[in-house]
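Reviewing the structure listed below.
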Amino acid sequence: MGRVEGKIALVTGGADGIGEAAARLLAAEGATVIVTDINAAGAAALGDSLGGLGLAHDATSEEGWRQVADTVRDRFGRLDVLVNNVGGGLPDGNIEQRTLDDYHTVMRRNLDSVFIGCKLGVELMKDAGGSIINLSSVHGIRAAPHEAGYSASKGGVRLLTKSVALHCARAGYRIRVNSVHPGYILTGRMKAWVARSHNGPDLLASLVAQHPIGFLGEPEDVAGAILYLASDESRFMTGSELVIDGGFTL
Ligand SMILES: NC(=O)c1ccc[n+]([C@@H]2O[C@H](COP(=O)([O-])OP(=O)(O)OC[C@H]3O[C@@H](n4cnc5c(N)ncnc54)[C@H](O)[C@@H]3O)[C@@H](O)[C@H]2O)c1
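Start counting the sequence shown at 1464; every next residue gets the next number (our numbering).
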């Protein structure tokens, strides 16, 4: 029997990177997985291959979220696990370099998407309970000078998570809400960024040097934490921040 056998799980931004690894692991452990992504073809291909569903979805759009929630209700009748995974750092830079428009772009992708996701997740889960898992970052705990908007948005995800967790607990909903805080993870996008850099090996070495464990994480390292929070093994955890960072924040 799988660790999330029979659960209905939705992963936003699930066509690539950490979201893809989480979708694959949840499916391998018995969940029916709904993969949503702005990359419609990628979501459809992965959702089908996992025996679940793939949906085109812009997680920054409330209307888009409503359509996804309606589809989940019609097809499955409930949702047990929601992974609010969509996020990313660009455009970013320090406070002197970036504009208010850049900042709003990052906030929409990283924080608004999680706010709407939590709102609809609670709506879908409040009768039967469930687990909401929000992707923050080590930069939601420790600020990065070169990532003003990213740090602000990921700090926001951290406290939004706790607020929703408290609300659900006090309302007696049996919905657990936790955040995940990865260090630097070697996704395809990260590898491409390093490869494009004029000093790739130095950049990689400087990233590794910030992680006391001596290496960078793989998407599967974060997927394992997501699986744990999705499963009933973590039934006593809510509002917590699960750090997977090789010691970055120590
Ligand atoms: N990779 C890291 O080093 C790292 C570290 C800490 C935190 N994180 C966080 O983990 C999460 C996943 O990061 P990743 O590196 O795997 O990302 P990624 O860029 O590899 O994949 C992101 C996926 O989200 C999709 N996407 C982007 N915008 C979307 C939107 N508006 N609506 C729907 N889908 C959209 C993309 O098409 C892609 O499939 C993010 O929240 C990120 O901030 C990543």
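Even for Gly, the Cβ is constructed at its ideal location relative to N, Cα and C.
Taking C-alpha positions only, L1542 is separated from K1654 by approximately 33 Å.
Going by beta carbons, L1545 and G1482 fall outside the 8 Å limit. Beta-bridge partners of H1644 (DSSP): V1706. For the set L1679, G1619, G1540, T1650, the Cα lying nearest the Cα of L1574 is the one of G1619. Taking the Cβ atoms as the reference, A1485 lies roughly 4 Å from A1686, within the contact range of under 8 Å. Here DSSP, grouped into helix, strand and coil, assigns N1573 to helix. Nearest Cα to G1677 within the set S1703, D1708, G1651, R1698: D1708. Contact between A1472 and A1494 is confirmed by a C-beta separation of about 4 Å, below the 8 Å threshold.
Of the candidates F1711, L1488, N1662, I1595, the residue whose Cα lies closest to the Cα of I1648 is F1711.
When rounded, the separation of the alpha-carbon atoms in E1492 and G1514 is 13 Å. Look at L1545 here: in three-state DSSP terms it is strand.
Fewer than three beta-carbon pairs drawn from the stretch 1552-1562 and the stretch 1506-1521 are found closer than 8 Å, and the two stretches are therefore not classed as touching. Contact between the stretch 1626-1638 and the stretch 1588-1596 is present: 3 or more CB-CB pairs across the two stretches fall below 8 Å.
Within the model, the alpha-carbon separation for A1606 versus A1615 is close to 8 Å. DSSP, read as helix, strand or coil, puts L1649 in coil. Under the DSSP definition of a beta bridge, A1472 partners with V1496, V1544.
Under the DSSP definition of a beta bridge, G1517 partners with V1498. In the DSSP assignment, L1598 falls within the unbroken beta strand (DSSP E) covering 1593-1598. Distance from the CA of G1646 to the CA of E1468, rounded to the nearest whole angstrom, comes to 29 Å. Nearest to G1651 by alpha-carbon distance, out of A1519, P1682, V1549, is P1682. Note that the C-beta distance between V1640 and V1627 is below 8 Å.
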